[in-house]
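Reviewing the structure listed below.
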Amino acid sequence: MTTPFTPRHWSSRFAFLMAAVGSAVGLGNVWRFPYLAGENGGGAFILIYAATTLAIALPILISEIMLGRMGKQSPINAMKTLVRENKAARIWLLIGWGGIIGAFIVLSYYSVIGGWALKYIELALTGAFAGDTEAAAAEHFASFVSDAGSLVIWQTIFLALTILIVAAGVTGGIERAVVMLMPLLFILLAAMAVYATTMPGFGEAMLFMFAFDFSEVTPDTVLAAIGQGFFSVSIALGAMMTYGAYLDEDVSIGQSAVFIAVLDTVVALLAGIAIFPLVFSYGLEPSSGPGLTFITLPIAFGTIGGGVLIGGAFFVLLSVAAVTSAISLLEPIVAWVEEGTNIARKWLAIFIGVLAWVAGLGTVFSFNLWAEFHPMARFGVMEKMTLFDVLDFTTANLIMPIVGLMIALFAGWVLTGPQVAEALHAGDKPWFRLWRFALRYIAPFGVVSIFVANVLM
13 MTTPFTPRHW
23 SSRFAFLMAA
33 VGSAVGLGNV
43 WRFPYLAGEN
53 GGGAFILIYA
63 ATTLAIALPI
73 LISEIMLGRM
83 GKQSPINAMK
93 TLVRENKAAR
103 IWLLIGWGGI
113 IGAFIVLSYY
123 SVIGGWALKY
133 IELALTGAFA
143 GDTEAAAAEH
153 FASFVSDAGS
163 LVIWQTIFLA
173 LTILIVAAGV
183 TGGIERAVVM
193 LMPLLFILLA
203 AMAVYATTMP
213 GFGEAMLFMF
223 AFDFSEVTPD
233 TVLAAIGQGF
243 FSVSIALGAM
253 MTYGAYLDED
263 VSIGQSAVFI
273 AVLDTVVALL
283 AGIAIFPLVF
293 SYGLEPSSGP
303 GLTFITLPIA
313 FGTIGGGVLI
323 GGAFFVLLSV
333 AAVTSAISLL
343 EPIVAWVEEG
353 TNIARKWLAI
363 FIGVLAWVAG
373 LGTVFSFNLW
383 AEFHPMARFG
393 VMEKMTLFDV
403 LDFTTANLIM
413 PIVGLMIALF
423 AGWVLTGPQV
433 AEALHAGDKP
443 WFRLWRFALR
453 YIAPFGVVSI
463 FVANVLM
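See the structure below:
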């Protein structure tokens, strides 16, 4: 039996917005969005991304925050309450369970990548990138990830920071951290973007990112835009539902969700403006994907004047983005267990964090000791995937789309129009009708398209 639980509350709308934006802004904003934009028609891709985010990701984001505020508990218990009150089928509980399970899996491997960002702060500030060629930078990275002991150390430091923040509570820990860290992230990013305007490759970089090239737009481009919009706003992992549970009734969910989506996109665009002038100025490869962060950029940082400080600032920025996202992955799990026990939050945060650390060892070893271990090969699927690849594929292509689809269907079809209008304080406003139409028809189609494209094709 669950113990009585008093919902926590953000001390201000600003604190909620910083926490939610911190959840949405992550490692993918720094390299994935600009890279996708450049490779898929530049400004044309950005227009498609904005439209699909508005029609697909934003309706689900509003719904997830709304369900959290309606249930006023962690995702699992919030859904139990809503299912019971609406006499709905128990299958809808998968929204809560899927979010919690997905958050734990992502936290386990996200903490390893976050540890890389912390390590690279040290490398940047000690001048380790000086004079790096592409081969030398690749060797630095390969040497680092092949050392399981070093990866474990930095994974541990990253998770310890995350645990400390969550253990201190919503107002004393999460609020205090995000209210300090998110403005720092914006300041660092803006400063780097301003500096990038002085680089000789700035014009070429802006053409790469923003030139409208509709000849590059294909059905795959549209699917990439839908996928980026869906994954970039941190839906379907329980974070926004949990943060919504702490939100006061007088805060507009619709306005807040728009702010979150817009700021998330602004960060991604600023990241591109900050990064790609460096890449083009030094003749580096802009389409190097994840390697852009840990192999390509260090070459530029080792060459430009002030590269020690600029590189250090960049990896501090990357680490801040990673930590604020990791907080939002740990919090839903801690909140759920806390609601059902009398154990102090700090011990729960430590215990669950240690479990995530143990689970994360699988990701650590995927880059070294278990690099040739392909767990799904015996089943004839995902034959070349390491354990890390399987975990990433499972969360991104199975758990998140399924949970996102169920959120849209539950909020759009199980809850009645008057219920939802009351929860959003929307009345019969035009935006509410548009939002509900998108939620019931457009968003499910978009999420299903992601699922089909990534899993069945």
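Sequential numbering from 13 applies to the sequence shown in my numbering.
Cβ atoms here follow ideal geometry from the backbone N, Cα and C, with glycine treated the same way.
Predicted, not measured: the structure shown is a model, and the values here were computed from it.
For a test of the three-state rule: what should DSSP assign to residue i, helix, strand or coil?
i	result
GLY54	strand
PHE385	coil
ASP152	In the sequence as presented, Asp is not what sits at residue 152; that position holds His. Here HIS152 sits in helix by DSSP.
GLN85	coil
ALA450	helix
GLY80	helix
ILE177	helix
PRO2	The displayed coordinates of the chain run from 13 to 469. Any statement about residue 2 would go beyond what the structure contains.
THR398	coil
ASP404	helix
VAL118	helix
SER244	helix
MET211	coil
ILE133	helix
PHE28	helix
TRP359	helix
GLY143	coil
ARG20	coil
TYR258	coil
PRO456	helix
List the residues that DSSP assigns as beta-bridge partners of residue i.
i	result
PHE224	GLY54
So, residue i versus residue j, is the Cβ gap smaller than 8 Å?
i	j	result
ILE72	ALA420	yes
GLY266	ILE68	no
ILE272	VAL229	no
GLY256	ARG96	no
ILE133	GLY324	yes
PHE57	THR277	no
PHE222	GLY54	yes
PHE153	LYS131	no
LEU137	VAL415	no
SER35	GLU187	no
VAL190	ALA31	yes
ILE117	THR406	yes
ALA438	PHE444	yes
LEU135	ALA423	no
VAL164	VAL376	yes
PRO413	ILE462	yes
PRO309	LEU290	Sequence check: residue 309 is Leu here, not Pro. Taking 8 Å as the Cβ cut-off, LEU309 and LEU290 qualify as a contacting pair.
Among the candidates the options, whose CA atom is the shortest distance from the CA of residue i?
i	options	result
LEU70	VAL270, ALA142, PHE457	VAL270
ALA149	GLY424, ILE307, TRP425, GLY314	ILE307
TRP425	ARG448, GLY40, ILE112	ARG448
THR168	LEU417, ILE411, VAL124, THR230	VAL124
GLY127	ILE462, VAL332, LYS358	VAL332
TRP166	ALA408, GLY372, GLU395	GLY372
GLY295	LYS396, ALA217, ASP404, ALA203	ALA217
VAL467	VAL206, SER24, LEU235, ALA31	LEU235
GLY108	GLY34, PRO344, LEU66	PRO344
THR65	VAL459, PHE463, ALA465	VAL459
LEU201	ALA438, VAL376, LEU329, PHE26	LEU329
ASP262	PHE214, ALA435, ALA36	ALA435
LEU29	ALA312, LEU193, PHE222, GLY139	LEU193
ALA27	ALA36, LEU196, LEU259, LEU381	LEU259
THR254	PRO430, SER35, GLN85	GLN85
VAL182	SER120, GLY319, GLU350	GLU350
ILE287	HIS21, THR406, LYS92, ALA312	ALA312
PHE327	THR375, MET204, VAL432, LEU403	MET204
ALA208	SER264, SER293, ALA129, THR145	SER293
VAL12	ASP440, THR353, ILE322	In this structure the chain extends from 13 to 469, so residue 12 is not present and cannot be described.
LEU119	ALA334, TYR453, ARG445	ALA334
ILE103	ILE88, LEU290, ALA115	ILE88
GLY50	TRP359, LEU197, MET211, ASP225	ASP225
LEU381	THR398, PHE391, LEU403, ILE199	THR398
GLY303	LEU39, VAL33, LEU249	LEU39
ALA251	TRP348, GLU146, PHE379	TRP348
PRO298	LEU219, LEU360, LEU427	LEU219
LEU94	THR428, VAL464, ILE454, LYS441	THR428
Three-pair Cβ contact test at 8 Å for the segment 239 to 251 versus the segment 41 to 49: yes
Decide yes or no for the touch test of the segment 330 to 347 against the segment 156 to 163: beta carbon pairs closer than 8 Å, at least 3 of them. no
Would you check if the segment 381 to 388 and the segment 354 to 369 touch, i.e. whether three or more CB-CB distances between them fall below 8 Å? no
Would you call the segment 273 to 290 in contact with the segment 136 to 146, where contact means no fewer than 3 C-beta pairs closer than 8 Å? no
Kindly confirm or deny that the segment 108 to 118 and the segment 410 to 420 touch, where touching means at least three C-beta pairs closer than 8 Å. yes
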